[in-house]
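Note sheet for the following structure.
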Amino acid sequence: MRILVTGGAGFIGSHLIDRLMAEGHDVICLDNFYTGSKRNIQQWLGHPSFDLIRHDITEPIRLEVDQIYHLACPASPVHYQYNPVKTIKTNVLGTMYMLGLAKRVKARLLLASTSEVYGDPEVHPQPEEYRGNVNPIGIRSCYDEGKRVAETLAFDYHRQNDVEVRVARIFNTYGPRMLENDGRVVSNFVAQALRDKPLTVYGEGSQTRSFCYVSDLVEGLIRLMNGDHVGPVNLGNPGEYTILELAQAVQKFVNPDVPIKFEPLPQDDPRRRQPDITRARTWLGWEPKVPLEEGLPLMIEDFRRRLLAEGAEAAEPSMLS
Ligand code: NAD
Ligand code: UDP
Numbered sequence: 051m052r053i054l055v056t057g058g059a060g061f062i063g064s065h066l067i068d069r070l071m072a073e074g075h076d077v078i079c080l081d082n083f084y085t086g087s088k089r090n091i092q093q094w095l096g097h098p099s100f101d102l103i104r105h106d107i108t109e110p111i112r113l114e115v116d117q118i119y120h121l122a123c124p125a126s127p128v129h130y131q132y133n134p135v136k137t138i139k140t141n142v143l144g145t146m147y148m149l150g151l152a153k154r155v156k157a158r159l160l161l162a163s164t165s166e167v168y169g170d171p172e173v174h175p176q177p178e179e180y181r182g183n184v185n186p187i188g189i190r191s192c193y194d195e196g197k198r199v200a201e202t203l204a205f206d207y208h209r210q211n212d213v214e215v216r217v218a219r220i221f222n223t224y225g226p227r228m229l230e231n232d233g234r235v236v237s238n239f240v241a242q243a244l245r246d247k248p249l250t251v252y253g254e255g256s257q258t259r260s261f262c263y264v265s266d267l268v269e270g271l272i273r274l275m276n277g278d279h280v281g282p283v284n285l286g287n288p289g290e291y292t293i294l295e296l297a298q299a300v301q302k303f304v305n306p307d308v309p310i311k312f313e314p315l316p317q318d319d320p321r322r323r324q325p326d327i328t329r330a331r332t333w334l335g336w337e338p339k340v341p342l343e344e345g346l347p348l349m350i351e352d353f354r355r356r357l358l359a360e361g362a363e364a365a366e367p368s369m370l371s
């Protein structure tokens, strides 16, 4: 199959491309390199089944493909809040253009939506039927309302134009290749611990998240794309941790002596989040296999290698060797 991956040079997109290439597909990676990097897809440059297109999805594009994994959108609050108008354009205009492309060439499109559509949830854990508690005018709205509109567009193109769509609601995912200055919590803590810098816990660290290792997530995306269910389907690891517990886990794996520093909680920060994955289990036969205790060391190894290679000047040599 010829498969388009928007946001393919990013964290999840590049792992997905590794899987699709290994399965022998023709893959087109489309990215504007806002948070993605050529380094993530370097191993495929020059491969006869791989094409790279530098393009911004807020502009239309014509391509001939069979499937579209639509992932293009910055995922870290730091990056999506840097230019919120651009973020909402990416989610709304970008998703509309991709659905238009899917309609024209009769391709199936999988939308990478997010657990953020549940906002600060009043139902716990969150099933797909829950409609969420989202602030429409807050600093996270460009992302969470943007993804809610993207879901609406997907379902309207499906009902009105028979476009085959799949909607994944992805919960916090981590793993190798995350940017070390990404601003998301797992990458922040791992980079801070390796550099012997204090771990920045926002608020009291009592808010919770559920962390899914990237290979599990990619498996879920591929099953959803090739299965019969439109969704939405939650994809995440139900293992729920407070942010303080996560900091302590990073301390344990990297350096028990690295201190924890408490900083103010950002506005509208969801207090808790845990996926109900009943749908994914029954519809896709999917559940995560990699617990945090196994996934975290794999990510730490990748960060250690990269920080060493980049000659991380602030790093304590003993921590990196
Ligand atoms: P990422 O920031 O690493 O990847 C996003 C990619 O999209 C980057 O390569 C970036 O350059 C590209 N991009 C951004 N705007 C673009 C535009 N206008 N045109 C073309 N390319 C553009 O993030 P990620 O963690 O890999 O997330 C991928 C997708 O999964 C996103 O849609 C995100 O909303 C969704 N998601 C991720 C998580 C998570 O925990 N990682 C959770 C929920 C949802
Ligand atoms: N967080 C933190 N320290 C950091 C970065 C994030 O305590 O250095 C907290 C953040 O306030 C949130 C949680 O960790 O409660 C997850 O943040 P992230 O940005 O990774 O994802 P999201 O809030 O979008 O789920």
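Residue 371 is where the sequence shown ends in the numbering used here, and the numbering goes up by one at each step.
Each residue gets a CB set at the ideal place from its N, CA and C atoms; glycine is no exception.
Report back the beta-carbon spacing between residue i and residue j to the nearest angstrom; my notes put them in contact at under 8 angstroms.
i: S191; j: N185; result: 6 angstroms
i: K311; j: L249; result: 7 angstroms
i: I118; j: A157; result: 5 angstroms
i: A122; j: G150; result: Not confirmed; about 15 angstroms, so no contact.
i: G233; j: P127; result: 6 angstroms
i: A204; j: G270; result: In fact, because the Cβ distance is near 17 angstroms, the residues do not count as touching under 8 angstroms.
i: E131; j: I189; result: The sequence shown places Gln at residue 131, not Glu. Between I189 and Q131 the Cβ distance is about 6 angstroms, and since that is below 8 angstroms, they are a contact.
i: P175; j: P325; result: 6 angstroms
i: V215; j: L159; result: 5 angstroms
i: I78; j: V115; result: 7 angstroms
i: R165; j: R89; result: One detail in the question is off: residue 165 reads as Ser in this sequence, not Arg. With a Cβ gap of about 28 angstroms, S165 and R89 do not count as contacting.
What does a CB cutoff of less than 8 angstroms around residue i pick up in its chain, not counting 5 residues either side in sequence?
i: P367; result: Confidence at P367 is low in this model, with a pLDDT of 48, below 50, so its placement is unreliable and the value that follows should be read with caution. Excluding sequence neighbours, P367 sits near nothing in its chain.
i: Y372; result: Look at the range of the chain in this structure, 51 to 371, and you will see that residue 372 is not part of it.
i: E201; result: L161, S163, V167, V217, P282
i: T56; result: G63, L80, D81, I107, I118, Y119, H120, L121, A122, G144, M148
i: V304; result: V240, A243, L244, I350, M369
i: L66; result: V55, G58, Y119, L121, V268, L271, I272
i: M275; result: Q117, Y119, R158, L160, R216
i: I293; result: V235, V251, Y252, G253, G255, S256, Q257, T258, R259
Spatial neighbours of residue i within its chain, please: C-beta separation below 6 angstroms, excluding the five flanking residues on both sides.
i: I273; result: The sequence given here places Arg at residue 273; Ile does not occur at that position. L334, W336.
i: S371; result: Confidence in S371 is poor, its pLDDT being 38 and thus under 50, which makes the residue's placement unreliable; the coordinate value appears in the next sentence. Taken in chain order, the list of residues that qualify is empty.
i: D76; result: R52, S99
i: D278; result: none
i: P338; result: C262, D266, N287
i: R69; result: V268
i: H97; result: none
Considering only the alpha carbon of each residue, which of the options lies closest to residue i?
i: N141; options: V155, D106, G233; result: D106
i: D170; options: A297, S163, D319; result: D319
i: I103; options: Q176, L80, R331, V213; result: L80
i: E178; options: G188, R198, S87; result: R198
i: F61; options: Y252, G86, N305; result: G86
i: F239; options: V215, E295, D206; result: E295
i: P124; options: E114, K136, V115, D116; result: K136
i: L348; options: V155, D307, R227; result: R227
i: E313; options: V251, I293, V264; result: V251
i: G345; options: Q92, R323, V236, V280; result: V236
i: E172; options: I327, D352, T328, R323; result: R323
i: Y207; options: A297, L229, A152; result: A152
i: V340; options: Y180, H97, T223, E114; result: T223
i: K247; options: T332, A297, P134, L113; result: A297
i: R321; options: Y180, L95, N276, E254; result: E254
i: Y180; options: I327, S256, P316; result: I327
i: D194; options: G225, V155, P134; result: P134
i: W94; options: E109, G74, L113; result: G74
Quick one: what does DSSP say residue i is sitting in, helix, strand or coil?
i: K156; result: coil
i: K302; result: helix
i: D278; result: coil
i: D326; result: coil
i: R216; result: strand
i: A362; result: Unreliable placement is indicated for A362, whose pLDDT of 49 sits below 50; the coordinate value is still reported in the next sentence. Coil at A362, not helix or strand.
i: S87; result: coil
i: L348; result: helix
i: N284; result: strand
i: P367; result: Only weak support is given to the placement of P367: the predicted model assigns it a pLDDT of 48, under 50, and the value that follows is read from those uncertain coordinates. Note: P367 maps to helix in three-state DSSP.
i: E337; result: coil
i: C192; result: helix
i: P68; result: A small correction: the amino acid at residue 68 is Asp; Pro does not occupy that position in the sequence shown. Three-state result, D68: helix.
i: E166; result: helix
i: L380; result: Absent from the model: residue 380. The displayed extent of the chain is 51 to 371, so no value can be given.
i: R355; result: helix
i: G58; result: coil
i: F221; result: coil
i: H120; result: strand
i: L113; result: coil
i: R181; result: coil
Among residues of its own chain, excluding the 5 on either side of residue i, which ones have a beta-carbon nearer than 7 angstroms to its beta-carbon?
i: I138; result: C192, G196
Cβ of residue i versus every heavy atom of ligand 4: is any distance shorter than 7 angstroms?
i: N231; result: As presented, the structure is devoid of ligand 4, carrying ligand 1 and ligand 2 as its sole ligands.
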